[in-house]
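Count the sequence shown with this note's numbering and you get residues 198 to 523, in order.
Built from N, CA and C at the ideal position, the CB exists for glycine as well.
Single-structure report; data block below.
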Amino acid sequence: MTGKLVCVTGASGFVASWIVKLLLNRGYVVRATVRDLGNPDKTKHLSELEGANERLHLVKADLLDMGSFEAAIDSCEGVFHTASPFYFDVKDPQAELLEPAVTGVINVLEACAKTPSVKRVVITSSIAAVAYNVRTRGPDVVVDETWFSDPEYLREQQNWYQLSKTLAEETAWKMAKDKGIDIVTINPGMVIGPLLQPTLNTSCAAILQLMNGSSTYPNSSFGWVSVVDVAEAHILAFEVPSANGRYLLVDKTVHYSEIVMILGKLYPGSSLPTKCVDDKPFVPTYKVSKEKVEKLGLEFTSIEEVIKQTIESLKEKKMLKLESNL
Ligand code: NAP
């Protein structure tokens with residue numbers, strides 16, 4: 198039992214709920230920030246976690262309210278900054294994505310800089326802040342921690358979520374240097390796996406849409422990774438003293454056609470899309486280096502296993518209704 202006090206921001210979300218769960222399992226005392234303490238959809242699944250009665254404290258905080266993380270971070274040894282909006286259907290990218298992502302990092306790191314007990318801040322960044330630039334990606338190209346997404350390129354492409362994560366990570370590294378804060382970033386691809394929260398999140402929705410009668414699949418290739426592995430990597434990045442810099446987290450990069458194939462093998466007879474949404478060549482896959490994160494001690498769950506866990510969880514939560522014979 199460590200008994201160490203740590204803070205997790207955006208604790209209601211898909212990824213952060215798993216970070217909270219694994220921290221409680223390891224004996225940490227956790228201050229978990231939530232935007233709306235009065236909404237059971239955001240708090241009940243956290244309060245029901247093993248160890249929550251004794252060691253979980255929910256604290257209200259909003260990325261846009263300067264100073265609102267100070268109480269949650271006070272006296273903490275570690276901070277896991279995971280809160281950031283993640284969705285693609287935006288009307289006002291500045292207000293909905295860019296502002297909360299960047300202001301949120303500033304807000305959280307300002308609070309950390311004022312709190313001498315904080316030894317390390319682990320920030321949930323994304324492959325979105327890594328792989329999106331003019332460099333060509335292809336099956337033989339290995340994307341590693343030296344890659345950075347290009348904000349100008351992302352603006353031109355109107356890839357607003359990717360831009361929000363790129364600007365947030367840039368801001369984090371600059372503040373860490375200016376204020377002498379020890380930060381580590383975790384940069385996962387598309388995260389899937391069992392849901393703890395009662396509502397559907399963006400990355401699990403990407404799998405659900407393939408099983409919900411859609412006739413086509415997207416012409417995209419993404420790196421995929423297990424939510425449990427992502428949570429574990431955050432904790433290793435805090436616990437391993439030599440952890441530093443960025444850690445990419447992708448088990449495998451595949452085109453949606455391959456996800457459909459895996460689903461077909463796992464759930465024969467289910468109604469899956471049969472064709473790609475367009476007639477263009479398939480967007481190429483690429484490799485993502487695992488070397489650095491494996492040195493931290495992380496072992497990856499296979500994409501096939503994680504897809505199965507995701508579907509089983511979506512069924513259990515009644516978000517996916519399969520035919521009774523499947
Ligand atoms: P999620 O379930 O939608 O969680 C997002 C969290 O951010 C929620 O707790 C949300 O709070 C919080 N949040 C959003 N705006 C906020 C604000 N203004 N103030 C305070 N909290 C706010 O998404 P997720 O997939 O777990 O994503 C969590 C983190 O992982 C994000 O930083 C995301 O960029 C990163 N990430 C996710 C993936 C993935 O595939 N899932 C991949 C790479 C990186 P509410 O619940 O109150 O809305």
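Per DSSP, the continuous alpha helix (DSSP H) segment holding Val302 begins and ends at 296-310. Taking the C-beta atoms as reference points, Glu342 is found nearer than 8 Å to Gly442. Scanning the region 213-294 from its first residue to its last, the whole alpha helix (DSSP H) runs of 4-plus residues come out as 237-244, 249-252, 267-270. By a beta-carbon distance limit of 8 Å, Arg223 contacts Thr199. Their separation comes to about 6 Å. Excluding five sequence positions before and after Glu267, the CB atoms of its chain that fall closer than 6 Å to its own CB belong to Ala308, given in chain order.
In the three-state reduction of the DSSP assignment, Ser418 falls in the strand class, which pools E and B. Taking C-beta atoms as the reference points, His431 and Ile270 fail to come closer than 8 Å.
A direct Cα-to-Cα measurement between Met372 and Glu501 gives close to 39 Å. Applying a distance threshold of 5 Å between residue Cβ atoms and the heavy atoms of the ligand NAP selects Gly207, Ser209, Gly210, Phe211, Val212, Arg232, Asp259, Leu260, Thr279, Ala280, Ser281, Pro282, Phe283, Pro297, Thr321, Ser323, Pro385, Met387, Val388, Asn398, Ser400, given in chain order. The count of Cβ pairs closer than 8 Å, one atom from the region 232-239 and one from the region 296-306, stays below three, leaving the stretches out of contact. For Ser499, the number of other beta carbons within 10 angstroms of its own is below 16, and it is reported as exposed. About 7 Å separates the beta carbon of Ser454 from that of Phe479, a gap short enough to meet the 8 Å contact definition. In the DSSP assignment, Tyr350 falls within the alpha helix (DSSP H) that extends over 348-354. Within the DSSP bridge table, the entry for Ser423 names Ile389 as partners. Bridge pairing for Thr450: Gly420 [DSSP].
Using a Cβ-Cβ distance cut-off of 8 Å, the region 412-425 and the region 238-255 are not in contact, since fewer than three pairs of beta carbons, one from each stretch, lie closer than that value.
With three or more CB-CB distances shorter than 8 Å, the region 351-371 counts as touching the region 316-330.
Apart from sequence neighbours up to five positions away, the residues of its chain that approach Lys257 with a beta-carbon distance below 6 Å are Leu234, ordered along the chain. Approximately 5 Å separates the beta-carbon atoms of Tyr284 and Thr399; this is inside 8 Å, confirming the contact. Gly377 counts as exposed, since fewer than 16 other C-beta atoms from the protein chains shown sit within 10 angstroms of its C-beta.
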